[in-house]
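Residue numbers (the working numbering), protein chains in the order written: chain L, 1 to 277; chain S, 1 to 342.
Quick reminder that beta carbons are idealized off the backbone N, C-alpha and C, glycines included.
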């Protein structure tokens, strides 16, 4: 068959490393069978991973495009495909296809701006790609603030990288919070939306939000309260997907398909969509 | 214009099937017509249309995408695609012929769906003009003339002959092969038939149904219309409307473990099903009302918004005939669109 570039037909990927991040999140390092990156991507884009016989699902690519050796996926155990992946060991082959979706506008809109990243739980996974991209091209961006919260200290994704690398960067401020106080935690305690309000950011920033829908809702309200305009806030949507290219109909909301028109949306664009995402 | 005397129509079918598989509407035991492969003695159904639409030929109800062999930690992908051969779909009505344009915009837009594209490349559509449109027909609402169907070849059947006209290169090439059976003729008979059909169209109950209140950009206006509650109240979520619909194109991708490997296939799915949008972290359309609204908003607002105003309905009337609770797009258009066309 000459039409080998059929989008639904994946490549074989190999899991070369599995890192246990939190009690329910693992980060998988993936390359092709010849040890290379499966494809290039931009920050915020996604890939379809599958295990034949189990199923296929869309995941955000958590590694930065500036990583030329491999891709990483931080995956929370919450369904059939993810349960199976969590049992996988290094050397396991999977299938991979992509990249899918619209990236964050890192090279135009974000250029020269102060950036405020706000993530909740596994919502840090897609933002890690953007954060590390912006850290790599540090001089292209202004100050970077990162607000990240999770249920407990153990549930903070990429904790080591945050403390050892992100916090050490010039002009990068990290603000961590957990939902409930615990003995080995001397940082902030409380939910992300409230913490954002307490920190009271200046509005000379572009905000990038990712997390559970309820966190996005209240954080967005908080940012509006601080004087932010919806055109300054970007977020991502997540709906069930099958094809990844806007044809199977599953992730259709209004005239948009989250797999190809999203997952990244500016918050004012979301207002034009019917409220069913 | 060419014609073939009706007493030679079996010869025509035999000639076509020499170069390509020929499918045409045939009467079933249950009274409905469905597409079947022609072989000697198979008669062309006189039914107004088939129960299921001909979208199956290009977008089959189930279709293998690829296969996998797994061994230990290894996976092998097996390409199960094969080059398809030319085939002729004969007797397609004007509404269904238009549905291929609508499906093309989904499957042939970038990135092209090669499974669909392959079948479109090899399929030759021979349409048949309607002479007795029924009370469930409303193709004219979407600008379709049932007396002038599109397709690679258009045909008109009269009491004694079948008139044929090629519209594309594919159609011309096929007609050239049938030269011995066909004879040149004037288009008087066809024009007379078109006039007669046009007169019937003026008497159809749905002739005034229009799309004025729908189209791209109407999401905010129509989405929160309170009438969705009442309209969707008795919807069973059976999905029959989507399965008989020539333009419904949502699909699922599933894996089947054969015991000797895995086959990944796609199959028709329906936005009317609760599973359609259900995912690990929840379901964005929890009620039948939301699912019901999605189907009609997609056909009447979202699809046209993305496709230059083209609606994703061709007025074939199948959903009117088949819905177990007699709900359908016509009722939706009348109610949501302000009770027009009564």
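Under the three-state reduction of DSSP, which class applies to residue i: helix, strand or coil?
| i | result |
| --- | --- |
| residue 97/L | strand |
| residue 74/S | strand |
| residue 2/L | Only weak support is given to the placement of residue 2/L: the predicted model assigns it a pLDDT of 42, under 50, and the question is left unresolved by the model. |
| residue 55/S | helix |
| residue 167/S | coil |
| residue 73/L | strand |
| residue 166/L | helix |
| residue 4/S | strand |
| residue 341/S | Because residue 341/S carries a pLDDT of 40, less than 50, the predicted location of this residue cannot be relied on, and the following value inherits that uncertainty. Coil at residue 341/S, not helix or strand. |
| residue 136/L | helix |
| residue 239/S | coil |
| residue 87/S | strand |
| residue 240/L | coil |
| residue 19/L | strand |
| residue 304/S | helix |
| residue 156/S | strand |
| residue 51/L | strand |
| residue 156/L | coil |
| residue 268/L | helix |
So which residues of chain L does residue i contact, with C-beta pairs closer than 8 Å?
| i | result |
| --- | --- |
| residue 250/S | 248, 249, 250 |
| residue 216/S | 255 |
| residue 93/S | Near residue 93/S there are no residues of chain L at all, since even the closest Cβ is about 25 Å away, more than 8 Å. |
| residue 257/S | 53 |
With a threshold of 9 Å between beta carbons, is residue i in contact with chain S?
| i | result |
| --- | --- |
| residue 276/L | yes |
| residue 91/L | yes |
| residue 103/L | no |
| residue 12/L | yes |
| residue 273/L | yes |
| residue 212/L | yes |
For chain L, check one thing: does any of its Cβ atoms lie closer than 9 Å to the Cβ of residue i?
| i | result |
| --- | --- |
| residue 122/S | no |
| residue 254/S | yes |
| residue 9/S | no |
| residue 288/S | no |
| residue 76/S | yes |
| residue 107/S | yes |
| residue 301/S | yes |
| residue 280/S | yes |
| residue 262/S | yes |
| residue 79/S | yes |
| residue 266/S | yes |
| residue 191/S | no |
| residue 341/S | Residue placement at residue 341/S cannot be trusted, given a pLDDT of 40 that sits under 50; the coordinates are not used to answer. |
Below 8 Å on the Cβ atoms is my guess for residue i versus residue j; work out the distance and round it to an integer in Å.
| i | j | result |
| --- | --- | --- |
| residue 123/S | residue 89/S | 6 Å |
| residue 193/L | residue 219/L | 4 Å |
| residue 208/L | residue 73/L | Contact doesn't hold; Cβ gap of about 19 Å is too wide. |
| residue 259/L | residue 235/L | 16 Å between Cβ atoms; not a contact. |
| residue 173/S | residue 79/L | So it is not a contact: roughly 51 Å between Cβ atoms. |
| residue 4/S | residue 162/S | 5 Å |
| residue 50/L | residue 94/L | 7 Å |
| residue 267/S | residue 62/S | 4 Å |
| residue 152/L | residue 180/L | 7 Å |
| residue 122/L | residue 70/L | The pair is not a contact, with the Cβ atoms about 20 Å apart (cut-off 8 Å). |
What does residue i touch in chain L if you count any residue whose Cβ is under 7 Å from its own?
| i | result |
| --- | --- |
| residue 306/S | 255 |
| residue 111/S | 7, 245 |
| residue 277/S | 239, 240, 250 |
| residue 73/S | 91, 92, 93 |
| residue 296/S | None at all; the shortest Cβ gap to chain L is about 13 Å. |
| residue 285/S | 276 |
| residue 68/S | 52 |
Closer than 9 Å by beta-carbon distance: list the chain L residues that pair up with residue i, in chain order.
| i | result |
| --- | --- |
| residue 271/S | 249, 250, 252 |
| residue 219/S | 254, 255, 272, 273, 274 |
| residue 292/S | Within 9 Å Cβ-Cβ: nothing; residue 292/S doesn't reach chain L, min ~12 Å. |
| residue 210/S | Ordered by position in chain L, no residue passes the 9 Å Cβ test against residue 210/S, which lies about 21 Å from the chain. |
Could you run through the stretch 67-87 of chain L and flag, in chain order, every residue whose CB is less than 8 Å away from some CB of chain S?
78, 79, 82
Contact set between the stretch 35-59 of chain L and chain S, restricted to residues whose Cβ is under 9 Å from the partner
So the list reads 50, 51, 52, 53, 54, 55, 56, 57, given in the order they occur along the chain.
For the stretch 42-66 of chain S, which residues have a beta carbon sitting closer than 8 Å to at least one beta carbon of chain L?
Taking 8 Å as the Cβ-Cβ cut-off against chain L, the residues of the stretch 42-66 of chain S that qualify are 65, 66.
Identify each residue in the stretch 223-235 of chain S for which the Cβ-Cβ distance to at least one residue of chain L is less than 8 Å, and report them in chain order.
223
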